[in-house]
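*Asks:* In our numbering, the protein residues as written are 20 to 251.
Idealized CB from N, CA, C, for every residue including glycine.
Encoded as structure tokens, here's the structure I'll be asking about.
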């Protein structure tokens, strides 16, 4: 996996420089930033394919940086680094639109493996063009465009892959474990709450702005989730 542009944001220069150096050995182009403000400036000029983002930064913290990035319209995948091992911090990062997180101290090899996984989700499968349809929801596997009726949806790579998996298996009901195994290939330690968070974000994006729009993602209590048109 070459020609990847990586932005590494950490206020500890040795950590940021180490990750960038390892990425360069992989054939990637990598730049560093040591504060939230510098990260935003770098992102605007460098246009990264993926971002490693420390949560605890001087000035703008990592969550605020992600909010600014998403507010500007960029859906670049973001992997958070955090020294805080609390569930609440992980949940906040994922809820705000992050794609993954890694707790410090971490092995650079594991971080690179997670970055590759997120990038594969972002790139999608190298298959012939296919358009998935459920009711008025369409997902183009070639262009990665997702539409609800005429409305174009902006999804993160993780949201896209979860929705694609649900749509490709519709009307089958998928368990949280199945979704975890498919989307997070390396395993997520059994933390099924990450699935709930992504499903919640998808529901908001699919249903927002259209009053009276019927929901398409349904919870089958005790089993999992399914994308289908509501009966009746």
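#1: Name the residue from 96, 175, 127 whose alpha carbon lies nearest to the alpha carbon of residue 37.
#2: By DSSP, does residue 136 sit in helix, in strand, or in coil?
#3: If we require 3 or more residues per run, which beta strand (DSSP E) segments fall completely within the region 168-203?
#4: Excluding the five sequence neighbours on either side, which residues of its own chain have a C-beta within less than 6 Å of the C-beta of residue 145, listed in chain order?
#5: Could you give the distance in angstroms between the alpha-carbon of residue 215 and the alpha-carbon of residue 85?
#6: Roughly how many angstroms lie between the CA atoms of residue 148 and residue 163, to the nearest whole one?
#7: Starting from residue 44 and walking both ways along the alpha helix (DSSP H), at which residues does that stretch end?
#8: Who are residue 99's beta bridge partners in DSSP?
#9: By Cβ distance below 7 Å, which residues in the same chain neighbour residue 238 in space, the five residues on each side in sequence not counted?
#10: At which residues does the beta strand (DSSP E) containing residue 243 begin and terminate?
#11: Using DSSP's beta-bridge definition, name the partner residues of residue 48.
#12: To which residues does DSSP link residue 238 through a beta bridge?
#13: Could you spell out the range, first to last residue, of the alpha helix (DSSP H) harbouring residue 222?
#14: Residue 51 and residue 29 - do their beta-carbons sit closer together than 9 Å?
#15: Ends of the alpha helix (DSSP H) at residue 156?
#16: Please say whether residue 151 and residue 187 have beta carbons closer to each other than 9 Å?
*Replies:* Considering the structure as presented:
#1: Working through the chain shown from its first residue, we reach residue 37 at position 18. When each option's Cα is compared against that of residue 37, the closest is 127.
#2: Here residue 136 refers to the residue found at position 117 when the chain shown is read from its first residue. Here residue 136 sits in helix by DSSP.
#3: Fully enclosed beta strand (DSSP E) runs of 3 or longer: 170-172.
#4: Along the chain shown, read from residue 1 onward, the residue named residue 145 stands at position 126. Model confidence at residue 145 stands at a pLDDT of 42, short of 50, so the residue's coordinates are unreliable and nothing is read from them.
#5: As a position in the chain shown, residue 215 is number 196, starting the count at 1. As a position in the chain shown, residue 85 is number 66, starting the count at 1. Straight-line measurement puts the Cα of residue 85 at about 20 Å from the Cα of residue 215.
#6: Locating residue 148 in the chain shown gives position 129, counting from the first residue. Locating residue 163 in the chain shown gives position 144, counting from the first residue. Below a pLDDT of 50, predicted positions are generally treated as unreliable, and residue 148, at 46, falls in that range; the measurement from the model is reported next regardless. Looking at the two C-alpha atoms, the distance is approximately 10 Å.
#7: To locate residue 44, count along the chain shown from 1; it is residue 25. Segment 32-44, the alpha helix (DSSP H) holding residue 44.
#8: What you label residue 99 is simply residue 80 of the chain shown in a count that begins at 1. Here residue 99 is bridged, per DSSP, to 72, 120.
#9: Working through the chain shown from its first residue, we reach residue 238 at position 219. Cβ contact annotation for residue 238 (same chain, cutoff 7 Å, sequence separation greater than five): 244, in chain order.
#10: Start at 1 with the first residue of the chain shown, and residue 243 comes out as number 224. Per DSSP, the unbroken beta strand (DSSP E) holding residue 243 starts and ends at 243-246.
#11: Position 29 of the chain shown holds residue 48. Residue 48 is bridged by DSSP to 24.
#12: For the purposes of this step, residue 238 is taken as the residue at position 219 of the chain shown. Beta-bridge pairing by DSSP links residue 238 to 244.
#13: Numbered from its first residue, the chain shown carries residue 222 at position 203. Note, residue 222: alpha helix (DSSP H), 212-226.
#14: Along the chain shown, one-based indexing puts residue 29 at 10. Along the chain shown, one-based indexing puts residue 51 at 32. Cβ distance < 9 Å, so residue 29 and residue 51 count as in contact.
#15: In the chain shown, the residue the question calls residue 156 occupies position 137. For residue 156, no alpha helix (DSSP H) run applies; the uninterrupted beta strand (DSSP E) run containing it begins and ends at 156-159, by DSSP.
#16: Working through the chain shown from its first residue, we reach residue 187 at position 168. Working through the chain shown from its first residue, we reach residue 151 at position 132. Yes.
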